[in-house]
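From first to last, the protein sequence lines stand for chains A and B.
Take the first sequence: its letter number 170 is residue 207 in the numbering used here, and every next letter is one higher.
Take the second sequence: its letter number 139 is residue 176 in the numbering used here, and every next letter is one higher.
Ideal Cβ positions, reconstructed from N, Cα and C, are used throughout, including at glycine.
Model, not experiment: these values are computed from the prediction.
Everything on this sheet refers to the single structure shown next.
Number of protein chains: 2
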Amino acid sequence: MGDASGDAVDAIIGQWEAERPDLADDLWPVQVIGRLQRLGWILEKEIKAFAAERGLELGEFDILTTLQRSGPPYELTAGAFRKAAMVTSGAITNRIDRMEAKGLVERVRDTGDRRAVKIRLTERGHEVTRTFMKEHLANEARILADFGREDAGELAAKLRTLLVTLGDTSIK
Amino acid sequence: MGDASGDAVDAIIGQWEAERPDLADDLWPVQVIGRLQRLGWILEKEIKAFAAERGLELGEFDILTTLQRSGPPYELTAGAFRKAAMVTSGAITNRIDRMEAKGLVERVRDTGDRRAVKIRLTERGHEVTRTFMKEHLANEARILADFGREDAGELAAKLRTLLVTLGDTSIK
DNA sequence: ATTGATTATTTCAACGTTGAGATAAAAGCA
DNA sequence: TGCTTTTATCTCAACGTTGAAATAATCAAT
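Have a look at this one:
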């Protein structure tokens, strides 16, 4: 027992219990969702800083890694990105515009379906991503170093269960 | 064993293992961070939709709840919000401007320190928040219903440990 | 008391995303 | 072959945030 080592969410819940004792029994979801929110913010900030140090926007970083892990021929349609990145079509258009200007990707319009636009990793984009990915994983390992790999494994298993419960079972 | 019920992150990691076998041993942080990212996106979208149905921006919702849970006299400085919400000062100014126009909060400039501006919940803001909070918690309970309250408790404990490890131990 | 450093908020231009509408191509169907 | 519906991307104005500069007030130290 004992709340010796509480986190920010413990403090927030404590405030609610004091201010709204009538809601005390309804606060349990905050224990999970509040923490997931805060972790999301903290990690996003970390990764955003990592990308920024290398001259990339977070969304651009996302495009690069999605493209590389998709494997040969390292090209995906704009629509595929829209789904993978959970953003709107306008955002994808803008990202590709910027990245094309940087020479990281190129638009290819050759397929049978002339509505679709394939976004392809350029040779330069390939090199950049290859380097970044290694450093990116090292950075994430650093972030979790104090938490420990064993705890990470247990946490990951529970997070997977939650994601499956919420229906997030596919990349598409 | 068996990956019968994998999530989106399993799929992503599978892609990386195929494309970059040299990184196979370095992918473990993704099991945690990738899932936290996706959960953050999914939950943010849910809560944003909830707030939007009630005519509120996510950030405005944040101000209201932070203010209410702070207890009497239901006022905080702009700086306190900046820290609590993890956003920049300009964002707070804008949020307060909008919410003041909606009659949810009011600026009070009376304290000894005349640099500081206290943001106070109006009577209307109070009523709105009181109602929303109950519905908000019900909505979060709904989101986690299929996951189960017991699993939620176990997950929450691990998330707390991670937050403490990352230094997120205080609201301030 | 005066000067300099610090703290709190506001201002504002730049930026990325949203979301609806426009454009264009493909698919379904008569 | 036409006509309608659907699908894919782009366009663009509105919006919220960022981050640096400006403004203003307090604090520290002599």
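Run the CB neighbour count on P66 of chain A, radius 10 Å, all protein chains shown included, and call it buried at 16 or more, exposed below.
Classification for P66 of chain A: buried.
Mind checking if K171 of chain B is an interface residue toward chain A, Cβ cutoff 8 Å exclusive?
True, the Cβ-Cβ gap to chain A drops below 8 Å.
Buried or exposed: K209 of chain A, going by 16 or more other Cβ atoms within 10 Å of its Cβ?
Per the 10 Å Cβ criterion, exposed.
Give the DSSP-derived three-state secondary structure of K195 of chain B in the structure shown.
Helix.
Hey, is E177 of chain A's beta-carbon within less than 8 Å of any beta-carbon in chain B?
So yes, E177 of chain A belongs to the interface.
Compute the distance between the beta-carbons of L104 of chain B and L158 of chain B, then report whether it is under 8 Å.
It is a contact, given that the beta carbons lie within the stated cut-off.
Can you find a C-beta in chain B that's less than 8 Å from the C-beta of I133 of chain A?
No - not a single Cβ of chain B is within 8 Å of the one on I133 of chain A.
Secondary structure at I208 of chain A, three-state DSSP: helix, strand or coil?
Coil.
M123 of chain A touches chain B at which residues, Cβ-Cβ below 9 Å?
The contacting residues are R75, W78, I79, K82.
Using a C-beta cutoff of 8 Å, does E90 of chain A count as contacting chain B?
Chain B contact via Cβ: absent.
Counting only beta-carbon atoms, is I49 of chain A nearer than 8 Å to chain B?
It does; some Cβ of chain B falls within 8 Å.
Any contact of the segment 146-164 of chain B with the segment 98-116 of chain B, i.e. 3+ C-beta pairs under 8 Å?
Flag = yes, the segment 146-164 of chain B and the segment 98-116 of chain B touch.
Following the continuous beta strand (DSSP E) through V142 of chain B, name the residue where it begins and the one where it ends.
It spans 142-145 - the beta strand (DSSP E) in which V142 of chain B sits, taken as one unbroken run.
Taking CB distances under 8 Å as the criterion, tell me whether P66 of chain A reaches chain B.
Yes, its Cβ sits closer than 8 Å to a Cβ of chain B.
Does L158 of chain A come within less than 8 Å of chain B when only Cβ atoms are used?
Taking Cβ atoms only, chain B never reaches closer than 8 Å to L158 of chain A, which makes this a no.
Would you report the Cα separation of N176 of chain B and E56 of chain A, rounded to the nearest angstrom?
Cα to Cα, N176 of chain B sits roughly 20 Å from E56 of chain A.
Using a Cβ-Cβ cut-off of 7 Å (strictly less than) and excluding sequence neighbours within five positions of E97 of chain A, which residues of its own chain qualify?
Answer for E97 of chain A: R132, R135, M136, listed in chain order.
With DSSP collapsed to three states, give me the class of K139 of chain A.
In this structure, K139 of chain A counts as coil in the three-state DSSP scheme.
With contact counted as at least three CB pairs below 8 Å, one residue from each stretch, are the segment 140-150 of chain B and the segment 65-84 of chain B in contact?
Touching, no.
Contact check, L141 of chain A vs V165 of chain A under 8 Å by CB: the rounded distance?
The Cβ separation is near 6 Å, so the contact holds.
Between the Cα of E90 of chain A and those of A:F169, A:F184, A:L200, A:L199, spot the shortest distance and give me the residue it belongs to.
The candidate whose alpha carbon is nearest that of E90 of chain A is A:F169.
List the residues of chain B that L203 of chain A touches, going by C-beta distances under 7 Å, in chain order.
Neighbours of L203 of chain A on chain B, chain order: I79.
Please report whether the beta-carbon of V165 of chain B lies at a distance below 8 Å from any beta-carbon of chain A.
It does not: the Cβ of V165 of chain B has no partner Cβ on chain A nearer than 8 Å.
Between D183 of chain B and T202 of chain A, how many whole angstroms is the CB-CB distance? I'm expecting something under 8 Å.
Yes, D183 of chain B and T202 of chain A are in contact; Cβ-Cβ is about 5 Å, under 8 Å.
Please tell me whether E251 of chain A has its Cβ less than 8 Å away from any Cβ of chain B.
Absent from the model: residue 251 of chain A. The displayed extent of chain A is 38 to 209, so no value can be given.
Which residue from B:A193, B:K171, B:G190 puts its Cα closest to that of P58 of chain A?
Among B:A193, B:K171, B:G190, the Cα nearest to that of P58 of chain A belongs to B:K171.
If I follow the unbroken beta strand (DSSP E) through L113 of chain B, where does it start and stop?
L113 of chain B -> beta strand (DSSP E) spans 112-114.
If you draw a straight line from the alpha carbon of F87 of chain B to that of H173 of chain B, how long is it in whole angstroms?
Cα to Cα, F87 of chain B sits roughly 8 Å from H173 of chain B.
Run the CB neighbour count on D47 of chain B, radius 10 Å, all protein chains shown included, and call it buried at 16 or more, exposed below.
So D47 of chain B counts as buried.
Only counting the same chain, and skipping five residues up and downstream in sequence, which positions put a Cβ closer than 8 Å to that of L64 of chain B?
If we look at L64 of chain B and ignore the five residues flanking it on each side, its Cβ neighbours are I50, W53, E54.
What whole-angstrom Cβ distance do L200 of chain A and D188 of chain B have, given they're in contact under 8 Å?
At roughly 13 Å, the Cβ-Cβ gap does not stay under 8 Å, so L200 of chain A and D188 of chain B are not in contact.
Tell me the DSSP bridge mates of R157 of chain A?
Note: R157 of chain A sits in a beta bridge opposite A:E112, A:E143.
Look up R106 of chain A in the DSSP assignment and say whether it is helix, strand or coil.
R106 of chain A: helix per DSSP, three-state reduction.
Identify which residue in B:A122, B:F118, B:T102 has its Cα closest to the Cα of I79 of chain A.
Out of B:A122, B:F118, B:T102, B:A122 has the C-alpha closest to the C-alpha of I79 of chain A.
To the nearest angstrom, how far is it from the Cα of R197 of chain B to the Cα of E143 of chain A?
When rounded, the distance between both Cα atoms is 43 Å.
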